[in-house]
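Novice: Each residue of the sequence shown is one higher than the one before, counting from 2 in the working numbering. Glycine included, each C-beta is placed from N, C-alpha and C at the ideal position. Structure below; questions to follow.
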Amino acid sequence: MRWLSVLAVAVLTLAGCGLESGGAVPLRVGPGSIHPVPELDGVTITVGSKDFTEQNILGYLIEFAMTAAGANVRDLTNIQGSNSLRDAQLHGQVDVAYDYTGTGWINYLGNETPVPSELGQFEAVRDADRAEHGMVWTAMAPMNNTYALVTSSRTAEQTGVRTLSDYARLIDADPAAAATCVGTEFNVRQDGYPGMARKYDIDVGKVRKKIMQDALVYQATADAGQCRFGSVAATDGRIPALNLVLLQDDRAFFPKYNAALVLRADFHEAHPRIAEIMTPISALLTNEVITELNRQVDVDGREPAEVARDWLVGQGFVTAE
């Protein structure tokens with residue numbers, strides 16, 4: 002857990018009024034369209050997220066919304082890896098978090114074939130996870146943070162690679178010209194490189210692949226020194242900022258990864274207002290919106306908590322205090 006999260010635990014749990022950014026600027030919220038509700042008054046809600054920018058922003062959106070509704074919020078954002086967050090939820094250490102429908106369907110439930118439509122994928126994981134594990138998926142957002150491969154605009158012009166089929170043909174013809182940087186999870190997940198290679202008939206023995214932290218892939222691909230292609234999350238703000246080009250998934254391999262609110266069934270049934278409060282927030286989280294919020298953190302250097310708070314204020318859900 003990073004220091005901001007540790008600080009937020011103390012401030013949110015003890016003061017119940019918001020986050021501290023950089024130890025100096027209090028990020029406090031009051032009621033906007035979200036008003037305190039008796040059902041959540043004094044209820045302790047532990048909010049989790051995974052350990053990357055978008056997930057931290059989504060976690061803080063929940064935290065500020067719940068704080069405005071009168072809950073005592075405990076911050077457990079920035080948990081390392083999908084499986085760790087999942088385990089924390091299953092074991093009651095985290096009460097609510099945003100997760101992704103494709104991750105739920107493929108990684109948590111063990112399915113190999115994604116459901117083609119966004120709504121269909123959401124409904125499939127919602128029904129199966131409730132029946133098998135007592136987990137509730139609700140308040141799905143239109144944002145679809147699917148995996149993707151990118152290249153620089155210059156490389157796209159030089160190679161003519163615009164689709165994943167083009168990329169596969171380049172590997173076959175000239176492996177060195179298709180050197181690829183991949184994140185650690187993408188390298189091993191079945192909804193990542195191994196599955197993509199099977200779908201596109203890529204000879205993995207020919208792939209010139211460099212494994213690195215996800216955050217480093219973007220600049221490395223833009224520089225086109227270590228690699229000319231890279232694995233990314235499609236809603237990352239560094240894609241437009243670095244003038245990267247998303248390769249078209251022309252065989253429709255990658256699952257849909259719409260963000261949705263996830264809670265244990267018993268917790269959801271005890272506190273149904275949580276989903277009611279978060280539903281209109283989720284509805285506004287389009288790819289364009291979340292990409293811009295991600296950009297403010299990863300390109301402009303702002304804190305995820307500050308970005309989340311300011312967006313909620315701008316949309317009228319909460320007020321700054």
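Mapping DSSP to helix, strand and coil, what is Pro27?
Specialist: Legend: pLDDT at Pro27 = 49, less than 50; position of this residue unreliable, no value from coordinates given.
Novice: Between Leu313, Thr160, Leu165 and Leu150, which lies nearest to Cys182 when the distance is taken from Cα to Cα?
Specialist: Of the candidates Leu313, Thr160, Leu165 and Leu150, the one whose C-alpha sits nearest the C-alpha of Cys182 is Leu150.
Novice: Excluding the 5 residues flanking Ala89 on each side, which residues of the same chain have their C-beta closer than 8 Å to its C-beta?
Specialist: Cβ within range, chain order: Gly49, Leu77, Ile80 and Val95.
Novice: Quick check: the Cα distance between Pro281 and Pro37, rounded to an integer number of angstroms?
Specialist: Going from the Cα of Pro281 to the Cα of Pro37 covers about 16 Å.
Novice: Asp175: which of His134, Val162, Arg127 and His269 sits nearest, CA to CA?
Specialist: Looking at the Cα atoms, Val162 is the closest of the given residues.
Novice: How many angstroms separate the CA atom of Leu86 from the CA atom of Ile291?
Specialist: Approximately 21 Å, taken between the alpha carbons.
Novice: Locate the beta strand (DSSP E) running through Met339, then write down its first and last residues.
Specialist: In the structure as shown, the chain begins at 2 and stops at 322. Residue 339 is therefore absent and cannot be evaluated.
Novice: When DSSP labels each residue in this structure, what does Leu264 get in the three-state scheme?
Specialist: Strand.
Novice: Any idea what DSSP makes of Gln159, helix, strand or coil?
Specialist: It is helical.
Novice: So, at 7 Å on beta carbons, what are the nonlocal neighbours of Ala125 in its own chain, with the 5 sequence-adjacent residues on each side left out?
Specialist: If we look at Ala125 and ignore the five residues flanking it on each side, its Cβ neighbours are Trp106 and Val116.
Novice: In its own chain, which residues sit with a C-beta less than 8 Å from the C-beta of Glu270, not counting the 5 before and 5 after it?
Specialist: Within the same chain, Glu270 has no close Cβ partners at all.
Novice: Taking DSSP as the reference, what is the three-state secondary structure of Gly302?
Specialist: It is coil, neither helix nor strand.
Novice: How would you call Pro305, buried or exposed, if buried means at least 16 neighbouring beta carbons within 10 angstroms?
Specialist: Classification of Pro305: buried, given that the 10 Å Cβ count is 16 or more.
Novice: Using the three-state DSSP reduction, which class does Asn79 fall into: helix, strand or coil?
Specialist: Asn79: strand per DSSP, three-state reduction.
Novice: For Leu285, I'd like the list of residues in its chain whose CB is within less than 7 Å of its CB, leaving aside the five on either flank, ordered along the chain.
Specialist: Excluding sequence neighbours, Leu285 sits near Gln316.
Novice: With burial defined as no fewer than 16 other Cβ atoms inside 10 Å of the residue's Cβ, what is the status of Ala132: buried or exposed?
Specialist: Burial call: exposed.
Novice: Any idea what DSSP makes of Val314, helix, strand or coil?
Specialist: Correct three-state label for Val314: helix.
Novice: By a C-beta neighbour count over all protein chains shown, 10 Å radius and 16 as the cutoff for buried, is Leu120 buried or exposed?
Specialist: Its Cβ having fewer than 16 others within 10 Å, Leu120 is exposed.
Novice: Straight-line CA distance for Ile58 to Val300?
Specialist: Those two C-alpha atoms are separated by around 14 Å.
Novice: Rounded to the nearest angstrom, what separates Val233 and Pro39 at their Cα positions?
Specialist: Rounded to whole angstroms, Val233 to Pro39 spans 42 Å at the Cα level.
Novice: Per DSSP, Tyr101 is paired with what?
Specialist: Paired residues: Ala260.
Novice: Considering only their Cβ atoms, is the gap separating Thr236 from Cys323 smaller than 8 Å?
Specialist: The structure shown does not extend to residue 323, since the chain is modelled only from 2 through 322, so no value can be given for it.
Novice: Nearest CA to the CA of Val246: which residue from Glu307, Leu262, Tyr219 and Asn259?
Specialist: Nearest C-alpha to Val246: Tyr219.
Novice: What did DSSP end up calling Ala177 once you bin it into helix, strand or coil?
Specialist: Note: Ala177 maps to helix in three-state DSSP.
Novice: Can you tell me which of Ala242, Asp52 and Phe65 puts its alpha carbon nearest to the alpha carbon of Ser154?
Specialist: Taking only the C-alpha atoms, the option nearest Ser154 is Ala242.
Novice: Quick one: what's got a C-beta closer than 6 Å to Asp100's C-beta in the same chain, skipping five residues either side?
Specialist: Result list for Asp100: Val263, in chain order.
Novice: Does the Cβ-Cβ distance between Met213 and Ile63 come in under 8 Å?
Specialist: Not closer than 8 Å, so no.
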